[in-house]
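Residue numbers (my numbering): 134 to 777.
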């Protein structure tokens with residue numbers, strides 16, 4: 134401000150001038166600040182850059198791994214979940230075909246039951262929710278929690294196919310489950326069908342049984358559903374593809390809120406075919422009763438019998454003891470009867486007719502006789518004097534004699550009489566040679582046995598058929614490391630040693646002899662029809678071998694007459710009292726050790742027009758004439774009354 138009373142001017146505000154030394158001091162401060170800032174902005178080193186790069190890579194890899202897991206590993210799950218909101222597949226069961234006997238009697242029925250199923254793709258995906266379902270199901274199904282949990286673990290998560298949890302639940306349980314799980318699509322009660330075998334054990338080895346489809350079957354055939362019952366034995370197994378039919382299929386479109394929008398049937402269910410068997414139920418019952426009575430009287434348990442029509446190979450009856458009730462397989466397999474059958478040393482599940490392998494004993498002599506006539510080894514009227522045995526010297530030491538015995542001294546016998554009295558010495562001679570008779574030798578014996586169906590399976594439409602065994606020098610060397618001797622040929626000529634056959638094979642060559650040399654393929658199914666009863670396939674006879682060009686009709690006639698004489702005056706005399714003419718041959722097959730021999734009978738009737746062949750085996754039954762022939766008597770007697 135100005136002081137008017139003063140001649141000078143004074144500035145009273147803050148100092149606005151800068152002294153020279155102050156200017157110098159500011160320059161120094163500026164340099165110090167620049168140095169400090171330089172220290173703070175130092176450049177990063179290589180280590181820090183690599184560390185930063187590794188961190189970024191780790192983050193990217195984590196994201197990539199998660200993306201791979203979601204798209205690849207969990208892709209099917211999420212894909213199924215996405216599809217679930219659009220559509221799901223439901224299957225409808227095709228009824229399994231039923232089976233009738235030759236006269237139209239129904240042998241199998243399909244009975245409805247309630248089953249609980251799970252559809253994995255519709256189950257909760259959270260473990261806690263799934264655990265809750267299992268805890269609620271356990272008391273209702275009477276299943277332990279670990280067992281139920283294992284069933285859930287075995288199911289593929291994304292499958293819409295129904296998986297079984299429990300069968301045979303009561304109606305009350307079914308209603309309780311439907312009520313408690315009404316809001317859970319993954320658990321449902323379904324009506325299914327089980328097999329009821331009307332005649333139980335009477336036809337067990339013919340019909341067989343069904344059981345739950347195995348995991349391996351599901352892998353091999355994707356047309357099966359996990360809840361399916363499939364053939365496990367007998368006709369049920371052999372004709373599984375025809376009996377089971379084809380399931381129906383429909384696609385259901387579902388909105389995002391779970392409402393059904395549209396149903397489309399893509400495949401209609403096709404019922405399985407029905408089968409009509411060659412089995413005559415009444416004859417089956419008669420043969421079973423007669424065989425059971427014989428076993429009961431002898432205190433035995435194992436036997437087999439078969440009745441065959443020699444005109445076409447149709448099996449009219451087939452019995453194997455002991456048997457089992459195939460209805461047990463329609464119940465839970467943990468039941469006591471099933472466990473007892475499994476542990477039974479007599480093997481009730483074993484079909485002895487097609488799978489049992491035994492020495493045939495004297496029942497093989499008719500085939501040896503045909504072979505000897507065909508190869509001109511002996512004339513039918515030429516007699517051999519049978520003293521009760523023959524002796525042959527050792528090839529190493531002639532002073533040592535090997536004796537081969539008959540069961541008695543028969544005196545002079547020709548072929549017909551040798552068959553009637555079952556002379557061993559006669560068949561030693563024509564089979565292996567003795568004196569001035571050369572004999573067939575083992576190679577020719579084997580040749581004819583094979584022509585008559587021995588040593589191989591015959592192709593019957595039942596599972597478990599065995600081929601038996603025909604010994605030869607090469608077989609003995611390979612199996613026993615021993616050379617072949619004349620005694621081996623003698624034993625084979627009377628059905629002993631290592632000759633092994635099945636009852637089915639005996640019936641087969643008996644049929645061929647009865648009908649003059651034609652072997653038909655044995656069969657159990659007569660025709661196939663649809664659910665409307667219309668026949669779609671009729672099974673025609675199949676000729677395996679025709680021996681008419683190998684052995685003459687006269688040769689077959691000689692053997693037939695010898696078998697007829699066995700009934701009129703030989704070891705089968707009990708049958709001579711029947712009102713029907715029967716021809717037959719008994720057999721008593723030695724089995725070694727202290728065991729009783731097997732008892733055999735095979736024969737046919739009526740003699741002049743053979744329509745029925747009957748072959749019977751009783752394991753360890755002793756003399757065929759004493760044990761097996763009475764069974765044949767009862768069956769042929771019944772048959773005679775039915776054919777009047």
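Even glycine gets a Cβ: it sits at the ideal position worked out from N, Cα and C.
Boundaries around residue 518 are those of the beta strand (DSSP E), 517-519, since no alpha helix (DSSP H) includes it. If the five residues before and after residue 413 are omitted, its C-beta is found closer than 6 Å to the C-beta atoms of 235 and 449, all from its own chain and listed in chain order. The Cβ-Cβ distance between residue 641 and residue 603 does not fall below 7 Å. Burial state of residue 673 is exposed, judged by a 10 Å Cβ sphere holding fewer than 16 other Cβ atoms.
In the DSSP assignment, residue 609 falls within the alpha helix (DSSP H) that extends over 606-613. Taking a C-beta distance under 7 Å as the contact criterion, residue 634 and residue 587 qualify as a contact pair. Going by beta carbons, residue 650 and residue 681 fall inside the 7 Å limit.
DSSP, read as helix, strand or coil, puts residue 634 in strand.
Around the beta carbon of residue 568, a 10 Å sphere encloses fewer than 16 other beta carbons of the protein chains shown; the residue is thus reported as exposed. Spatial neighbours of residue 379 in its own chain (CB-CB distance under 6 Å, excluding positions within 5 residues in sequence) are listed in chain order as 227 and 403. Between the beta-carbon of residue 636 and that of residue 439 there is about 6 Å, and that keeps the pair under the 8 Å contact cut. Exposed is the label assigned to residue 613, since fewer than 16 other Cβ atoms lie within 10 Å of its Cβ.
In this model, residue 535 and residue 525 are separated by some 5 Å (Cα to Cα). With contacts defined as CB atoms closer than 7 Å, residue 381 and residue 397 fail to qualify as a contacting pair. Fully enclosed beta strand (DSSP E) runs of no fewer than 3 residues occupy 716-722 of the stretch 711-735, in order along the chain.
In chain order, 249 and 274 place their CB closer than 6 Å to the CB of residue 299, counting only its own chain and leaving out the 5 sequence neighbours on each side. Under DSSP, residue 223 shares a beta bridge with 383. When rounded, the separation of the alpha-carbon atoms in residue 232 and residue 240 is 6 Å. Within the model, the alpha-carbon separation for residue 739 versus residue 657 is close to 22 Å. For residue 330, the closest of 182, 252 and 238 by C-alpha to C-alpha distance is 238. Residue 442 is bridged by DSSP to 447. By the criterion of a C-beta distance shorter than 8 Å, residue 647 is surrounded in its chain by 443, 693, 716, 737, 743 and 746, once the five residues flanking it on both sides are discounted. Within its own chain, the residues whose Cβ lies closer than 7 Å to the Cβ of residue 615, once the five positions on either side in sequence are excluded, are 609, listed in chain order. Beta-bridge partners of residue 750 (DSSP): 437 and 733. If you compare the alpha carbons of 310, 302, 548 and 661 with that of residue 509, the shortest gap goes to 548. By alpha-carbon distance to residue 457, the top candidate from 470, 281 and 606 is 470. For residue 488, the uninterrupted alpha helix (DSSP H) run begins and ends at 485-488, by DSSP. Counted as a single uninterrupted DSSP element, the beta strand (DSSP E) harbouring residue 407 occupies residues 407-410.
Under the 8 Å Cβ criterion, the stretch 278-298 counts as touching the stretch 355-372, having at least three qualifying pairs.
Residue pairing by DSSP leaves residue 289 without any beta bridge partner. Rounded to the nearest angstrom, the Cβ distance from residue 244 to residue 327 is 5 Å, consistent with a contact under 8 Å. Residue 579: member of the alpha helix (DSSP H) spanning 574-584, first to last residue. Residue 605 has its alpha-carbon roughly 35 Å from the corresponding atom of residue 428. Less than 7 Å divides the Cβ of residue 683 from the Cβ of residue 507. With respect to the 7 Å criterion, residue 554 and residue 703 are classified as neighbours on the basis of their beta carbons. Beta-bridge pairing by DSSP links residue 246 to 325.
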